[in-house]
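What follows is one structure encoded as structure tokens, with my remarks underneath.
Numbering (the numbering used here), first residue to last: 21 to 340.
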């Protein structure tokens, strides 16, 4: 005989209704007031609580005073019970969202060359308009953006390099071109040279780099000479700060470095016989019908103003 679902709680089971009853008594300090709130007769509330206490073989309420007070065991039940009730509410909300086409979670991978500040406004708008879907962000470097999408670690990537797109069933829209500049601290030896920097000049000094975050796709490099000594930082912001501190040199996205350059914390150097990195960047997602949360982000990312704020230049978005 195949198993069937039972709707009768097992003996000693703590049900949501009982947790709500304990919560009401604790808040009011009275079985009678709790009964009125729950729409029950006081005797029914008293009976249910005593039956629960018998099942658990503990005393949940101290009834010796004018107010019903929780015992330590009752406080534990109420504290953990409220968390359980919240989890049940969240589960019901997730089920309803899935039924209406909203994802429970949306994973977004953002290229390390982009500033986060313009995206915070989108997050704020999303939470106010479509809150309930959990947003999970990651920051990826070089091939890491495409790797996150290909491996299923991300549902949407923002700022992926179009030139390194792998084969796969993806859809994408162009955002524009990132702009990089070779930057050093004012006290760095390269800052004092009265001419454009050559590859030989740059190779003699330590480079500050960020490692590719790809796990499965082949990792890449950008703007790094093969013979150059290097310090590898965990993210682009650490790289920026390391170069401000004079620990090394390297190309930086101008969107991220603009403030430091304007403040005199970094010097933008002219280079020759060295290829300045450029990236035609786009946002991409897997082919297929997107959920409503992904649709929301795809619509917002079509804004030329947003692309301008992310890239630091006025560029029109075009479809791929």
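Even glycine gets a Cβ: it sits at the ideal position worked out from N, Cα and C.
Within the same chain, Cβ atoms closer than 7 Å to the Cβ of residue 36 are found at 105 and 108, the five residues on either side in sequence being excluded. The segment 216-229 makes no contact with the segment 152-160: fewer than 3 CB pairs, one atom from each, lie closer than 8 Å. The three-state secondary structure of residue 65, taken from DSSP, is helix. By the 16-neighbour rule on beta-carbons within 10 angstroms, residue 303 is buried. Taking C-alpha positions only, residue 69 is separated from residue 122 by approximately 39 Å. In this structure residue 282 is exposed. Its beta-carbon is surrounded by fewer than 16 other beta-carbon atoms within 10 angstroms. The beta-bridge partner set that DSSP reports for residue 196 consists of 301. The closest CA to that of residue 250, considering only 40, 235, 270 and 257, is found on 270. Beta-bridge partners of residue 160 (DSSP): 131. Between residue 290 and the set 202, 298 and 279, the nearest pair of CA atoms involves 202. Assigned with DSSP and collapsed to three states, residue 291 falls in strand.
In this structure residue 189 is not in contact with residue 325, their Cβ atoms being roughly 30 Å apart against a cut-off of 8 Å.
Residue 232 and residue 316 have their C-alpha atoms roughly 29 Å apart. Rounded to the nearest whole angstrom, the C-alpha separation of residue 197 and residue 100 is 52 Å. In the structure shown, residue 328 adopts helical secondary structure according to DSSP, grouped into three states. Scanning the segment 242-290 for uninterrupted beta strand (DSSP E) segments of 3 residues or longer gives 250-253, 270-273 and 287-289, listed from N- to C-terminal end. Taking residue 182 as the centre and dropping the five residues before and after it, the same chain places the C-beta of 192, 194, 299, 300, 301, 302 and 340 closer than 8 Å to its C-beta, in chain order.
Residue burial is scored here from C-beta neighbours: residue 130 has at least 16 other C-beta atoms within 10 angstroms and is therefore classed as buried. An exposed status is given to residue 148, since fewer than 16 other beta-carbon atoms sit within 10 Å of its beta-carbon.
Residue 178 is bridged by DSSP to 130 and 303. Collapsing the DSSP output to three states places residue 217 in a strand.
Taking 9 Å as the cut-off, the beta carbon of residue 208 is found no closer than this to the beta carbon of residue 294.
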